[in-house]
Each structure stands twice: as structure tokens, then as C-alpha cells.
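Going by the numbering used here, the first residue of the sequence shown is number 400, and it counts up by one from there.
What follows is a short report on a single structure.
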Amino acid sequence: MHLAVGFTGVGFLLIALGWNGAASLDHVQGQVPYLISGGLAGLGLIGLGLMLAIVQELRRTNAGLTARIDALTDLVAGERPTGALPSAVPVDGTAVVAGASTFHLPACELVAGRERLQPMRPQDAVRRGLAPCRVCRPVVDVVG
């Protein structure tokens, strides 16, 4: 980013120097070379500086999007992304945690950090009419 600012600053300086050189002469034939050399070189450096700034911003944005896509891919694959909240912890002897309408594995991302989850056995969750989570897919072995 510093390089982009430097090129842009030098470009404005060249334009100012070209303008100053042209202003010191009173005939057009002498002013034109100053304006062309200072003006065109200055505009070129300003354009280069702006292009570098845009490319740097695109790289930064791309890196952020790539990190988010990787986290989403890990989430879909069932892995815990880095920096995620801790999952709900069941009481001893239970295998799932139940929400209002579904039940989940304790490590499910959908219940990570949530409060007021009720730990229970999967069979009890099914008997209460709760649906298994479509993300973590808890295995329910209903014996009877």
C-alpha cells in the first residue's frame, strides 16, 4: 500500500513540476513539452499507484473470502472451525441435547454457545416428538 501511495504522490509532484515549468514561459511552444512530460508522466504514475492500491485491496478481500469459505467448508464437513464457541456439554449418561423442536449431538455447531438446552437420551427426544438435527445427524436407536 505504501508503494501505491508513493507512486501517486510522485505523479502529483510531476504534474506540479510540469505546470510550474510551463508557467515560467510565456510562449506555447515552450510550455507544451513541460505539460506533456510532467502531465503524462504524472498521470501515468497516478494511474499506476491507483492500480496497485486496487490490486492490494482485491488481494486482501480475496484472502478474507477464502478464509470464510474454508471455515464454511469445514462446517459443512462436520469439523469445528478454528475460533468457534465451545459446544453444549451434556449431563452424565446422556447422548444428545434438545432444543425447542430438534435434538443435536453436543458438538453440533447449531447449539454451540446456546443456553437452556436440555440434555437427554435420544430415545426420550424421539418420544417427545423432537426431530433429529439435519446438520449433525444424531443416531437414534429406538428399542421400544
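Beta carbons: idealized from backbone N, C-alpha and C, even for Gly.
Could you give the distance in angstroms between the alpha-carbon of residue i and the alpha-carbon of residue j?
i	j	result
A497	I468	29 Å
R515	R526	20 Å
L402	R533	50 Å
M400	A462	16 Å
G448	L457	14 Å
A528	T465	It should be noted that the sequence gives Gly, not Ala, for residue 528. Taking the straight line joining both Cα atoms gives about 40 Å.
Q455	A415	27 Å
A452	G438	21 Å
T460	A470	15 Å
A483	M450	Below a pLDDT of 50, predicted positions are generally treated as unreliable, and A483, at 45, falls in that range; no measurement from the model is reported.
What residues in its chain sit with their C-beta under 8 Å from that of residue i, if we drop five residues either side in the sequence?
i	result
L444	F406, T407, V409, G410, L413
Give me whichever residues DSSP pairs with residue i in a beta bridge.
i	result
P531	F502
T517	Before going further, note that residue 517 is Gln rather than Thr in the sequence given. DSSP, once it has assigned bridges, lists A497 as partnering Q517.
Assuming residue i and residue j are in contact, meaning their beta carbons sit under 8 Å apart, how far apart are those beta carbons, in whole angstroms?
i	j	result
A421	L442	Rounded, the Cβ-Cβ distance is 15 Å, inconsistent with contact.
Can you list, in chain order, the residues of its chain with a C-beta nearer than 7 Å to that of residue i? Leave out the 5 residues immediately preceding and following it.
i	result
A440	L413
Go ahead and label residue i buried or exposed: buried means 16 or more other beta carbons lie within 10 angstroms of its beta carbon, across all protein chains shown.
i	result
H545	Outside the shown range of the chain, which is 400 to 543, sits residue 545, and nothing can be said about it.
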